[in-house]
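Input: a single structure, listed below in structure tokens.
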Amino acid sequence: FDHVAVLPCADYSGFVAVVKAYLYTLPGIVPRHGAVAIANPIEGDWVRMTNRDWAFSIQDAQRQLHLSTLLVVNNFTALAMALPRVGPEGRLQIGGGEAQANGVIGLLGPGTGLGVSGLIPTGDRWTVLATEGGHVSFAPTDERELRVLQYAWKSMHRVSAERVVSGPGIELIYQALSEGQPDAERHLSAADIVQRALHHLNPTCSETIECFCGMLGTMASDLALTLGATGGIYVGGGIVPRLGELFAQSPFRERFEAKGRFSAFVARIPTYVLTAENTCFLGVSSLLADHVPDHDGGNPLLDRVRSASEGLSPAEKRVANFVLDNPRTVLNDPIAVIAQGAEVSQPTVIRFCRSLGFQGLADFKLKLGSGLTGTLPVQRTQVRRQDGIADLCAKVLDNTISAIVQFRESLNVESVDKAIALLREARRVEFYAMGNSAVVALDAQHKLFRFRIPSVAHTDASMHSMAAELLGPNDLAVFISSSGQPPELARAAAHALERGASVIAITASQSPLARKSTVCIAVDHGEDSSSFVSMISRILHLLVVDMMSVGLAVRRTPAVGPGPAHGSDAAEGQVQPSPGVLISHIG
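Residue numbers for the sequence shown follow my numbering, so the first one is -2 and each next one is one higher.
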């Protein structure tokens, strides 16, 4: 790695300040993407550091640093992801054993705490197991370790592995072993204990490190059995790599293989100490590479554009090249900007999209955006009772964003188009919903009134069937339900169909309500609406109503033939608002 620097955090006011200070040192380099490994749990957008009084929003930091991508991960996750890229020169094998290709890998990292993780091979990638394995209960295996446990019990009710197999654990072991020694220095730091053991200056310090290494060996073999880690067990962190030959001669490997009936199994598993410098950089760069498309696209749709280029007209090839060079800006650029950038007419942009099998530019952008967004980490995080308001807000927003992104990838555009057509042709529209979905029905009714379309929202389940029986041909019934399971809605939908009305269902696919519909706009999500108040599904349903409303509010001009690159001809597919209707999203 080039341009490695160490900056003291105490000299800076926060995360953005220290990153800016580092970026200023780079000789003429303006990074577009960045990744940071930080010794902190990462859940959502808001990061509050545990070892400094820093807190920041990842999105705000990305904007202030002018980065297209900012990936922030836990440092132990980054270390785990580095393991497949660490060669023999970056590790020291302790004892025997041979790693199996594509075997599960285990990782231990004693430092200020005890990090525990694993790597699971999944096809051509690795999946990191984020665990709290350092907090399993400590179990002594000999009388000396029992003395340590009994000493720890004096100050703590429960003793986890992290309490003893860590930097603070070394200090605790030393205090336990030196208890009763009148001449012993009672309060040595972990660094002092390690130094005295390395130079054989203090027998109790040497015994402390020996005991620590034995405990670590037990912990490592427990992890090997738990994971079936035939790919090996790696030891990192800030302590063991500094022990050098002292660790190689310690009881670590002997204790690792002392597993009774499973001794032969663990004896075949190799154990390594990570010796390479900046190992986390390998992991965090690997994570960044997975999340940012490379020059070749990293996106199936861009690969499709590239492979189809030979069959395109010269003008369409210019559009293809513009898309390949600017995939993210194309997502937000209007057709006029894309045409100008590619030096073609606006109808040529539409023909390019249709040559690839898409209905138009909007359909192309939807699929392109799904692919690009799919390279970004999207996860759902639980709000905990102890979370502060900032973390609570960030998690709610992140969960909603995650659901919207996943919905965009699964959205059936043809169903939306058919639903808009039914709305345009309907004599009157009735919305049926109950419970939390009622607010969506009322919102839809309000919007249709703005379009001067006769509409009503039925939110009383006892009235649904009676109202549906009054429908007739050219009427439209729109049913909104998170689960699609309520029998009242399914019966009303059946009555509407019997009376000759059309039925749109905004609900879960494969539900009873979906099967009763003329058109189903499937909204699938992981929210359990039977146990919890619906929140995510309500947002997604409101978005569907917005999409249909925008579709109603625009009309398409007649198709035009090809024109000059910057001519005044109307663009094919260009949208204009219907007379008398003002609605957001329409420029």
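Built from N, CA and C at the ideal position, the CB exists for glycine as well.
If you draw a straight line from the alpha carbon of Pro28 to that of Arg315, how long is it in whole angstroms? 27 Å
Kindly indicate which residue of Cys390, Ala127, Leu222 and Ala435 has the alpha-carbon position closest to the one of Trp43. Cys390
Nearest neighbour of Leu213, chosen from Glu142, Gln61 and Phe53 [CA to CA]: Glu142
Determine whether the beta carbon atoms of Asn72 and Ala14 lie at a separation below 8 Å. No; because the gap between Cβ atoms is not below 8 Å, this pair is not in contact.
If we count the other Cβ atoms within 10 Å of its Cβ and call it buried at 16 or more, is Tyr19 buried or exposed? exposed
In or out: Ser134 buried (at least 16 other Cβ within 10 Å) or exposed? exposed
How far does the beta strand (DSSP E) with Thr268 in it reach, from first residue to last? Thr268 to Leu271
Kindly give me the distance between the Cβ atoms of Leu146 and Val156, rounded to whole angstroms, as I take these residues to be in contact under 8 Å. 6 Å
Do Ile206 and Gly103 have their C-beta atoms closer together than 8 Å? no
How is Ser10 classed by DSSP in three states: helix, strand or coil? Coil, per DSSP.
Flag this pair as yes or no: are the beta carbons of Val302 and Leu284 separated by less than 8 Å? no
Mind checking whether Leu62 and Lys17 have CB atoms under 8 Å apart? yes
Distance check for Tyr21 and Val1, CA to CA, integer angstroms please. 13 Å
Could you tell me the distance, in whole angstroms, from the CA atom of His132 to the CA atom of Thr215? 15 Å
Ala474 vs Ala458 beta-carbon contact at 8 Å: no
Quick check on Pro5: buried or exposed, where buried means 16 or more other Cβ atoms within 10 Å of its Cβ? exposed
In DSSP terms, what Asn71 is bridged to: Ile35
Measuring straight from C-alpha to C-alpha, what distance separates Leu358 and Leu309? Taking the straight line joining both Cα atoms gives about 16 Å.
The stretch 42 to 57 contacting the stretch 89 to 98, beta-carbon criterion three pairs below 8 Å: no
To the nearest angstrom, how far is the alpha carbon of Pro374 from that of Trp150? Residue placement at Pro374 is flagged as unreliable, the pLDDT there being 40, under the threshold of 50; the coordinate-derived value follows with that caveat. Cα to Cα, the separation comes out at about 42 Å.
In the DSSP assignment, what are the bridge partners of Glu427? Within the DSSP secondary-structure output, Glu427 pairs in a beta bridge with Val453 and Ala474.
Give me the Cα-Cα distance between Asp293 and Gly11, rounded to the nearest whole angstrom. Reliability of the predicted coordinates at Asp293 is poor, the pLDDT of 41 falling under 50, and the value obtained from them is presented with this limitation in mind. Roughly 36 Å between the two C-alpha positions.
Is the CB-CB distance between Leu185 and Glu168 below 8 Å? Cβ atoms of Leu185 and Glu168: closer than 8 Å.
Determine the burial state of Ile600: buried for a count of at least 16 other Cβ atoms within 10 Å of its Cβ, exposed for fewer. The structure shown does not extend to residue 600, since the chain spans only -2 to 584, so no value can be given for it.
8 Å Cβ cutoff met for Gln482 and Pro509: Yes, Cβ-Cβ distance for Gln482 and Pro509 is below 8 Å.
Alpha-carbon spacing of Ile401 relative to Gln246, whole angstroms: 55 Å
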